[in-house]
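Contents: one structure, followed by commentary.
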Amino acid sequence: ILQAVLVAPAYGENSMQCPSAPVAPTPKIIQAAIRDTHDRGFMWRISKDGRTSFLYGTIHVAKFAWIYPGPKVSHAMHATDTVAVEIDMMAPDIRAHLVNGISKAPVIKLPTPLAQRIKKQAGTECIPYDSIARLPPVFQVETLSLTDARRDGLDASYAIDAMVAAIGHAAKKEVVSLETPESQLKVLLMQNPQESIALIGDDLDELESGEARIYLKRIAGYWNNSNYEKMSHYQDWCKCLDTEVERKFMKNLLDDRNAVLAERIDKLHMSGKQVFVAVGSLHMFGPVGLPTLMKNRGYKVERVYFKPQ
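Residues in the sequence shown are numbered consecutively from 1, following our numbering.
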């Protein structure tokens, strides 16, 4: 989340060792993406009080070829009057709120060796460190990880939930944010400095070892192929629950937020709207995933099956 404000452009694109920044697609590439589109990700139909809404699991880094929705996703969007995403980056003042919130983040003084490792990794990713130096350290590492993903053709510029919001705006639907910039920042910026430093160290370990890139490529591949079995057992392969700090962070990132998301979705639906909800896929799985939470709220929940590619 928040990739739109975290990604810094790489320099030195002519170097074989630098990740390439996205370039404007040619008409031929656009035509091919539209022609070859198919349903990707994970979707559920939820019904209550005679109205139907949809839950759609997205990813926050993707390839350009994936941004056009397939027929079942398109039909679901067409059948609804409201689009709901975690944060609608096209909404007025959202970016200003994010930048302001980041600027007011508590200052965390990193141990010198850890700070030096971040600067070294910035060089590896061809990012001038000065361009990210004012970000909180956890966002610095996030920026480096997202930049590294460009080596596999994945980019936050093609975040699927952002594309869904853009389609909603173009179709003149109501587009709403389920969260606020402040609530997301509260999750991402851990309040305990020692826990934050530990998490930054873990994330940097994964970035330096290549595990972070492998993880993003894996989750993108599972999403592209609608691999429900693998995605629903992400705990087995994400390596994001190995330490107590990581487990606490993931609980805050997913479980605790899901309760708030479910309440907001329910409120929108019960107000008379038919809602197409697009949030990160990991919010959909497990005993506190959104489909289960909506079922607990009295909704009829049906999974919409996509044919694996």
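Just so it is clear, CB atoms sit at the ideal spot from N, CA and C, and this is done for glycine as well.
Ends of the beta strand (DSSP E) at residue i?
i	result
residue 336	No answer is possible for residue 336: it lies beyond the span of the chain, which begins at 1 and ends at 309.
residue 276	275 to 280
Just verifying my parser: in three-state terms, what is the DSSP assignment at residue i?
i	result
residue 268	helix
residue 13	Any reading at residue 13 needs caution, since the residue's pLDDT is 48, under 50, leaving its predicted position unreliable; the model's value is listed next. DSSP places residue 13 in coil when its eight states are reduced to three.
residue 21	coil
residue 226	coil
residue 237	coil
residue 91	coil
residue 150	helix
residue 1	In this predicted model, residue 1 has a pLDDT of only 44, less than 50, meaning its place in the structure is not dependable; the value taken from the coordinates is given anyway. In the structure shown, residue 1 sits in coil (DSSP, three-state: anything other than H, G, I, E or B).
residue 284	helix
residue 6	In this prediction, residue 6 has a pLDDT of 49, which is less than 50 and means its spatial position is unreliable; what the coordinates show is noted afterwards. Reduced to three states, the DSSP call for residue 6 is helix.
residue 164	helix
Please report the Cβ distance between residue i and residue j, rounded to the nearest whole angstrom; I am assuming they are in contact, meaning their Cβ atoms lie under 8 Å.
i	j	result
residue 279	residue 85	7 Å
residue 185	residue 102	7 Å
Starting from the C-beta of residue i, find all residues in its chain whose C-beta is less than 6 Å away, skip the five residues before and the five after it, and write them out in chain order.
i	result
residue 152	217
So, for residue i: in the same chain, excluding its five sequence neighbours on each side, which residues have a beta-carbon less than 7 Å away from its beta-carbon?
i	result
residue 173	81, 82 and 83
residue 211	239
residue 63	153, 154 and 158
In chain order, what residues of the same chain have a beta carbon less than 8 Å from the beta carbon of residue i, not counting five sequence neighbours either side?
i	result
residue 274	51, 52, 53, 79, 80, 81 and 82
Alpha helix (DSSP H) containing residue i: first to last residue?
i	result
residue 124	112 to 124
residue 178	No alpha helix (DSSP H) holds residue 178; DSSP gives it neither H nor E.
residue 243	Unbroken run through residue 243: none, as it is neither H nor E.
residue 26	Premise fails: residue 26 is in no alpha helix (DSSP H) and is neither H nor E.
*Does the count of Cβ pairs from the stretch 217 to 225 and the stretch 248 to 266 closer than 8 Å reach three?*
no
*Indicate whether the contact test is met: 3 or more Cβ pairs, each with one atom in the stretch 51 to 66 and one in the stretch 155 to 164, closer than 8 Å.*
yes
*Is there contact here, the stretch 172 to 192 with the stretch 118 to 134, by at least three beta-carbon pairs under 8 Å?*
no
*Do the stretch 135 to 155 and the stretch 31 to 47 make contact, defined as three or more Cβ pairs closer than 8 Å?*
no
*Is there contact between the stretch 99 to 118 and the stretch 169 to 177, where contact requires at least three CB pairs shorter than 8 Å?*
no
*Pair every Cβ in the stretch 196 to 212 with every Cβ in the stretch 264 to 279, then say whether three or more of these pairs are closer than 8 Å.*
no
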